Amino acid sequence: MDSYVRDLLAYARPEPYDLQVIDPHSVLTGIVERHRHAAGRSGMIITLSDAFEGKSRIKADFKLLEQALTTVVTNAIEAMGEGGQLAIAISRSPARGMIRLSFGDTGRGIAPDVLQHVSSRYFTTKPGGLGLGLVLTRGIIERFGGTFSIASTRDVGTTVTIDVPVA
Ligand SMILES: Nc1ncnc2c1ncn2[C@@H]1O[C@H](COP(=O)(O)OP(=O)(O)OP(=O)(O)O)[C@@H](O)[C@H]1O
Ligand SMILES: [Mg+2]
21 MDSYVRDLLA YARPEPYDLQ VIDPHSVLTG IVERHRHAAG RSGMIITLSD
71 AFEGKSRIKA DFKLLEQALT TVVTNAIEAM GEGGQLAIAI SRSPARGMIR
121 LSFGDTGRGI APDVLQHVSS RYFTTKPGGL GLGLVLTRGI IERFGGTFSI
171 ASTRDVGTTV TIDVPVA
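Here the sequence shown stands for residues 21 to 187, numbered as in the working numbering.
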């Protein structure tokens, strides 16, 4: 089985999960590191800014959080094709007790009539896409007590905003 499909199935399973105290900076640094080569090859720039300078802590399951955020980064890279910038930021959320993880890309963006479907199961605009990434991302974040939203402007870019509870 394709390892991506295996990962998706692993985190779709309602298996017991562990809420741990996690440093989102190190999770995101690891994800950026793993995508740097592919991004560099296509002339993309990925940046990570952190208002807490590595000192914030959130409550999440490490493995699930990593999978959820990897899906968002992968989508952004796929939307940019050649060039572009993905700006990832860790910041204080306006929602009380939450930390905000945001992912702003300069990719092709999403038309308004398409946007409403992107986190529906099996919705995809990609040849060979499964349309499962964002459904599962949203599910994981909500399991942690967080929120997920996506905003986009066609031909300008897309921003995914994830709020997760402070540990
Ligand atoms: N950053 C983004 N920029 C533009 N479109 C996006 C972005 N993220 C998601 N989308 C749109 O949302 C759709 C659903 O995304 P999702 O990750 O759920 O599935 P997928 O990427 O199509 O397939 P897979 O399940 O294999 O990841 C995509 O097909 C794409 O049209
Ligand atoms: Mg995807």
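Glycine included, every Cβ here is placed at the ideal spot set by N, Cα and C. Keep in mind the model is a prediction, meaning the values are calculated, not measured.
Spatial neighbours of Gly165 in its own chain (CB-CB distance under 7 angstroms, excluding positions within 5 residues in sequence) are listed in chain order as Pro185. In this structure, Asp175 lies away from Ile110, with their beta-carbon atoms at least 9 angstroms apart. Restricting attention to alpha helix (DSSP H) runs no shorter than 4 residues, the stretch 106-144 encloses them at 132-135, ordered along the chain. Note on geometry: alpha-carbon atoms of Ser76 and Val52 lie some 18 angstroms from one another. Residue environment analysis places Ala58 among the exposed positions, since fewer than 16 neighbouring C-beta atoms fall within 10 angstroms of its C-beta.
CA-to-CA, the gap between Ile119 and Ser46 works out to about 15 angstroms.
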